[in-house]
Amino acid sequence: MTVRTRFAPSPTGYLHIGGVRTALFNWLYARRHGGQFILRIDDTDAARNRSEAVKPILDGFDWLGIDWDEGPTKEGSGESFGPHQPYFQGQRNDLYVAAAMKLLASGHAYPDYTLAAEQDSLRKAAEKAKRPYVHRGSNRDVAPAENLRLYQEKPAAILLKVPDGVKVTFQDHVRGQVEVNSDTIRDPALLRAPDQNGICRALYSFATVVDEIAFGITHVIRAEEHLSNTPAQVLIFQALGASVPEFAHIPLVNYKNEKMSKRNLPPLTNDDIAKLKACGWTEDEIQSRDDLNIATVAYYRELGYLPAALMNYLVRLGWSLDAESEFIPLETVKANFDLDRITKASANFDEKKLYWLQGEYMKLVSPEEKVERCLPYLIRAKFITEPVSDSARRLLLQIAEAAGDRIKLFSDMVQFAGPLLKTDPVYDPKAVEKSLLPAKELLSSFREKLATVDPFDVPTLEESLKSHAPEKSPHKALVAATRVAVTGVTVGFGLYETLAILGKPEVLRRIELALN
RNA sequence: GGCCCUAUCGUCUAGUGGCCUAGGACGUGGCCCUCUCAAGGCCAAAACUCGGGUUCAAAUCCCGAUAGGGUCACCA
Numbered sequence: 019m020t021v022r023t024r025f026a027p028s029p030t031g032y033l034h035i036g037g038v039r040t041a042l043f044n045w046l047y048a049r050r051h052g053g054q055f056i057l058r059i060d061d062t063d064a065a066r067n068r069s070e071a072v073k074p075i076l077d078g079f080d081w082l083g084i085d086w087d088e089g090p091t092k093e094g095s096g097e098s099f100g101p102h103q104p105y106f107q108g109q110r111n112d113l114y115v116a117a118a119m120k121l122l123a124s125g126h127a128y129p130d131y132t133l134a135a136e137q138d139s140l141r142k143a144a145e146k147a148k149r150p151y152v153h154r155g156s157n158r159d160v161a162p163a164e165n166l167r168l169y170q171e172k173p174a175a176i177l178l179k180v181p182d183g184v185k186v187t188f189q190d191h192v193r194g195q196v197e198v199n200s201d202t203i204r205d206p207a208l209l210r211a212p213d214q215n216g217i218c219r220a221l222y223s224f225a226t227v228v229d230e231i232a233f234g235i236t237h238v239i240r241a242e243e244h245l246s247n248t249p250a251q252v253l254i255f256q257a258l259g260a261s262v263p264e265f266a267h268i269p270l271v272n273y274k275n276e277k278m279s280k281r282n283l284p285p286l287t288n289d290d291i292a293k294l295k296a297c298g299w300t301e302d303e304i305q306s307r308d309d310l311n312i313a314t315v316a317y318y319r320e321l322g323y324l325p326a327a328l329m330n331y332l333v334r335l336g337w338s339l340d341a342e343s344e345f346i347p348l349e350t351v352k353a354n355f356d357l358d359r360i361t362k363a364s365a366n367f368d369e370k371k372l373y374w375l376q377g378e379y380m381k382l383v384s385p386e387e388k389v390e391r392c393l394p395y396l397i398r399a400k401f402i403t404e405p406v407s408d409s410a411r412r413l414l415l416q417i418a419e420a421a422g423d424r425i426k427l428f429s430d431m432v433q434f435a436g437p438l439l440k441t442d443p444v445y446d447p448k449a450v451e452k453s454l455l456p457a458k459e460l461l462s463s464f465r466e467k468l469a470t471v472d473p474f475d476v477p478t479l480e481e482s483l484k485s486h487a488p489e490k491s492p493h494k495a496l497v498a499a500t501r502v503a504v505t506g507v508t509v510g511f512g513l514y515e516t517l518a519i520l521g522k523p524e525v526l527r528r529i530e531l532a533l534n
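Residue 230 in this note's numbering sits at position 212 of the first sequence; the count goes up by one each step and never skips.
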């Protein structure tokens, strides 16, 4: 039997990091075992702007390189591909209704005519008596044929008839054997009572089971929050006469020890905002993107993270290859991923470690590729214009080489190339005061010397600057002054590289500018 | 509150009864390198939640307590 896994996002308009990890585990498990990974859109809720809310999710997966064998088509048009179309639950309601009717006929389910108010008072009474309230509907013990007849006459919500006093058991690859007494499981609703249009829509929990069966899902790998409704689902599988798939409930991704949710996430840091602004974003643009926070894929994409780094980080969050591997290439993960090595406890998301991994992956990127992938940021920041000329590319390549490991995110190029690409440096007053003013005369004489330096390359420049520094004081002060004069700021990659890249006339011009 | 899950450095983790004076990594601190910033090198601090068992031996098995989390919809 070939492995078939699935990920079933609901269309929220953005791809959440926690969801990605769940999807990743499913994907990896399928790939490892030569099976299929299926994407299904859980939109039983509303028909509202579906494709708009699905697209960012599909784009996110596409960017990460997580491909699906069946599911919605990439363009997010609402179309599906694969043998069990459609893959949108919103388009599959007939199937769910049919399955519910089958259960009604077989006596595994029944219509519930309990009034909301009635149910409320039952619940309150139970609470008062300090008894747990486990809902059992009105027609639970009515004969199937009679229920069927009644339902046709007057449709209502359909509930599963949970058997009394049995142990519901299932094996979980992460949790081991899980066992629950059926008396603690309320009769779950399968279908809603008809809406204004007379349509009885399925509930998520039921639609999921029907789809797992229809799609031939062999392994349900999902977040731990679904663990508590799994026993009810197991019962549905059995009532439908289907075999129960294998389960793996993976620990949640936490942030500061709580489930990563919109509520407990930090806002964009000033650093993030500064970075985005440097890349040409306006305040309004930043504010309007509520999908930008540390829990979304879009955030990392916009900042210029590598998909590989994010994937590596996410797979290591709750899974380990061995005792010491942290940097694990995707190919290695694909060949070794295993449900047995998933941790049981939930894990905190640590953006610092992700950042470190990003740096590690960035070291593997050639300067040429860095230039290529930094281009969109530079264009957006208006440092270069399209089409990008060969001379601009050559210049950027020099900068990328000189900046080296300092470029951690693709957006960082803006910071390193900006000062050289601008017509005139933007002088930071503090830097000027601290480094430039005290060494003005020294700088002035050094400028004269620079005019005679030939060739204008790194070794010659270094030799020339060092020999120009006064005997008693080290050359640091002169380096600092020159750096500020030429770039306007105190930090950057090597000064000699900076000078060489700018070229003699431009360097002389900029120092002249700074001195006046 | 009911039901369920979990528990090793600040964080991610290794650990499946003796290789554990508990290993690795991020982060943190110090030193080195150095024109700033990165990168790199070296070093350091830092954990088995608690209490009972079982056993010659327990981070590891059992029980209990405690703490944290999830879930309790005609939401997904």
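No residue lacks a Cβ here, since even glycine has one placed at the ideal position from N, Cα and C. In this text the structure is predicted, and so the values were computed from the model without any measurement.
Pick from L454, M380, T287 and I176 that is closest to E419, judged by C-alpha positions: Here the closest residue by C-alpha is M380.
CA nearest to the CA of Y114, picked from R210, D446 and I304: R210
Which stretch, first to last residue, makes up the alpha helix (DSSP H) that contains D229? From DSSP, the alpha helix (DSSP H) with D229 extends over Y222 to F233.
Segment contact, 8 Å Cβ cut-off, at least three pairs: the region 303 to 321 with the region 397 to 406: no
For V186, list the residues DSSP reports as bridge partners. In DSSP, V186 forms a bridge with V198.
Exposed unless 16 or more other CB atoms sit within 10 angstroms - verdict on D205: buried
Please state the DSSP three-state secondary structure of P325. helix
With a threshold of 8 Å, are at least 3 pairs of Cβ atoms found where one atom belongs to the region 463 to 470 and the other to the region 423 to 437? no
Among the residues of its own chain, which have a CB less than 6 Å from the CB of V262, if the five just before and after it don't count? V252 and F255
Thinking C-alpha only, which one of L177, L76 and R50 is nearest Y32? L76
Apart from the five residues just before and just after T505, which ones in its own chain have a Cβ nearer than 6 Å to its Cβ? Taking T505 as the centre and dropping the five residues before and after it, the same chain places the C-beta of P437 and P443 closer than 6 Å to its C-beta, in chain order.
Beta-carbon gap between T132 and S156 smaller than 8 Å: yes
Taking the alpha-carbon of L177 as reference, which of A118, R141 and R149 has the nearest alpha-carbon? A118
Identity of the residue in I519, Q54 and M19 nearest F25 by Cα: Q54
With a cut-off of 8 Å on the beta carbons, I'd call V72 and A48 a contact; round off their distance for me. With a Cβ gap of about 21 Å, V72 and A48 do not count as contacting.
Out of curiosity, what's the CA-to-CA distance linking S364 and S384? Rounded to the nearest angstrom, the two C-alpha atoms are 36 Å apart.
Could you tell me which of P181, K142, R167 and F265 sits nearest to G194, measuring between CA atoms? F265
Would you say Y128 and V160 are within 8 Å of each other, going by their C-beta atoms? yes
Given a threshold of 16 other Cβ atoms within 10 Å of its Cβ, counted over all protein chains shown, does I217 qualify as buried or as exposed? exposed
Within the region 321 to 404, note down every full alpha helix (DSSP H) run reaching 4 residues or more, in order along the chain. Taking only runs of at least 4 residues, the alpha helix (DSSP H) segments lying wholly in the region 321 to 404 are 325 to 334, 348 to 354, 369 to 380 and 385 to 398.
When A41, V525, D190 and Y514 are compared against T441, the one with the closest alpha-carbon: Taking the Cα of T441 as reference, the smallest distance to any Cα among A41, V525, D190 and Y514 is reached at V525.
For T236, count the other beta carbons within 10 Å of its own beta carbon; 16 or more makes it buried, fewer makes it exposed. Which is it? The residue is buried, with at least 16 neighbouring Cβ atoms inside 10 Å.
Kindly list the residues whose CB is nearer than 6 Å to the CB of G36, restricted to its own chain and excluding five residues on each side of it in sequence; keep chain order. Taken in chain order, the residues that qualify are V271 and M278.
Cβ pair G298, A399 closer than 8 Å: yes
Going by beta-carbon coordinates alone, are A487 and A457 separated by less than 8 Å? no
Compute the Euclidean distance between the alpha carbons of N165 and A123, then round it to the nearest angstrom. 8 Å
Got a sec? Which residues, its chain only, sit under 6 Å from L357 by beta carbon, not counting five neighbours each side? H191 and A266
If you draw a straight line from the alpha carbon of P27 to that of R141, how long is it in whole angstroms? P27 and R141 have their alpha carbons spaced roughly 32 Å apart.
Expected contact under 8 Å - CB spacing of V315 and L82 to nearest Å: 7 Å
Take P212 as the anchor and find which of A175, W86, I56 and S200 has the nearest alpha-carbon. A175
Where does L372 land, buried or exposed, given buried means 16+ other C-beta within 10 angstroms? buried
Since R528 sits in a beta bridge, which residues does DSSP pair it with? DSSP, once it has assigned bridges, lists no residue as partnering R528.
Alpha-carbon to alpha-carbon, E230 and N215: 28 Å
Spatial neighbours of N275 within its chain, please: CB distance less than 8 Å, with the 5 preceding and 5 following residues excluded, ordered by chain position. N366
Only counting runs of 4 or more residues, tell me where the alpha helix (DSSP H) segments fall wholly within the region 65 to 93, in order along the chain. 68 to 82
Which whole-angstrom value is the C-beta distance of S98 and F106, which I expect to be below 8 Å? 7 Å
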